[in-house]
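Just below is one structure, and these are the notes that go with it.
Numbering (this note's numbering), first residue to last: 149 to 501.
What follows is the structure in structure tokens.
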């Protein structure tokens with residue numbers, strides 16, 4: 149079968165190659181790959197900045213945002229042939245830390261976890277793949293290609309769960325949320341905020357195009373001004389930060405209302421200096437009982453929450469998030485797209501769109 153592979157730490161090594169067909173082990177589903185989404189992590193791996201091949205191998209099958217159709221199930225399976233599914237990305241380490249031992253493997257403390265398409269496990273960027281049933285999540289068949297949004301939605305489902313848990317330290321009744329960044333993660337975070345009945349504001353740099361329209365069609369408010377101006381107007385109880393831009397991060401932290409929560413989901417690049425009034429920031433956090441948390445990856449319950457949220461969302465709105473699709477034979481072009489694309493998807497099977 150064909151697969152999209154890369155040699156980690158080697159720029160320019162991306163290629164499509166023939167690899168052996170997978171053989172499902174006991175308790176595994178055999179899945180026909182339909183599509184994989186492309187995100188910043190994939191870009192970093194292709195650039196040679198990140199990624200680890202499976203032990204004893206030189207190359208890594210790319211792709212962690214999956215979508216596939218079940219073709220073979222083990223005896224007694226809760227899945228059926230024909231089910232549309234996604235696979236969870238992370239796996240607990242073999243000698244689990246405390247978090248992994250109790251099933252919270254997205255919060256691994258010792259770093260010995262593995263991840264499909266990222267760290268020591270082959271990804272989903274192949275015509276066929278297998279997945280243990282316990283790491284598979286069924287998605288609504290009516291979603292079609294939009295089902296590939298399940299993994300990025302799981303990331304923000306976890307972020308919202310973390311916000312709820314921090315807010316639960318005392319009385320918590322948020323009304324207004326600011327999402328910084330209108331890329332896929334930001335837009336999906338906004339979607340979940342709207343589904344929660346919150347007054348959602350989204351901040352991004354662009355003044356026109358698909359992003360403002362997607363935000364407005366959600367029933368949220370779009371801004372393309374400074375963070376200061378938005379927080380002065382909205383006084384958000386919660387900020388979901390999805391840009392990773394240092395100045396935006398610190399302005400957002402300083403701009404919440406009293407007892408505010410900032411959840412950081414964007415990853416900032418290294419090597420960029422930024423002048424920050426650390427004393428003023430500390431004073432604001434302490435005197436207003438503010439909280440700042442980081443959130444990455446997702447557990448199985450977050451994938452399930454994501455699947456439910458997508459099933460409840462407007463199908464046309466979801467499909468408009470996927471602005472570019474490319475077939476597997478042209479997959480290399482997916483990693484050369486400009487940054488304004490909302491979501492780029494590589495289709496693994498002809499006619500899947």
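The C-beta atom is built at its ideal place from N, Cα and C for all residues, glycine as well. All values derive from a computational prediction rather than experimental measurement.
Three-way DSSP call (helix, strand, coil) for residue i in this model
i	result
residue 300	helix
residue 156	coil
residue 443	coil
residue 216	strand
residue 273	coil
residue 370	strand
residue 295	helix
residue 326	strand
residue 316	coil
residue 210	coil
residue 471	coil
residue 280	strand
residue 348	strand
residue 250	coil
Residues near residue i in its chain [Cβ-Cβ closer than 6 Å; skip 5 each side]
i	result
residue 350	327, 330, 338, 363, 368 and 370
residue 391	328, 329 and 414
residue 98	Since the first residue of the chain shown is 149 and the last is 501, residue 98 is not available in this structure.
For residue j and residue i, believed in contact at Cβ under 8 Å, the rounded distance
i	j	result
residue 490	residue 481	About 17 Å; that fails the 8 Å criterion.
residue 333	residue 304	6 Å
residue 252	residue 447	7 Å
Beta carbon of residue i nearer than 7 Å to that of residue j
i	j	result
residue 238	residue 254	yes
residue 236	residue 283	yes
residue 301	residue 466	no
residue 280	residue 175	yes
residue 153	residue 196	no
residue 273	residue 209	yes
residue 311	residue 451	no
Close Cβ partners of residue i (< 8 Å) along its chain, the five nearest in sequence each way excluded
i	result
residue 400	326, 328, 375, 379, 387, 389 and 410
residue 275	149, 150, 151, 180, 181, 476, 496 and 497
residue 323	346, 347 and 385
beta-carbon residue i near the ligand FMN non-hydrogen atom, thresh 6 Å
i	result
residue 326	For the structure depicted, the ligand FMN is absent and the ligand set is empty, with no information on it obtainable.
Same chain, Cβ closer than 7 Å to residue i, neighbours up to 5 away in sequence not counted
i	result
residue 172	178, 220 and 278
residue 194	154, 162 and 483
- Query: Counting Cβ pairs, one atom from each stretch, are 3 or more of them under 8 Å apart for the stretch 277-296 and the stretch 219-234?
  - Reply: yes
- Task: Tell me, please, whether the stretch 462-474 touches the stretch 247-261 by the rule of three or more beta-carbon pairs shorter than 8 Å.
- Result: no
- Item | At least 3 beta-carbon pairs within less than 8 Å: the stretch 210-220 vs the stretch 182-199 | Judged by Cβ distances under 8 Å, the stretch 210-220 makes contact with the stretch 182-199, as three or more pairs qualify.
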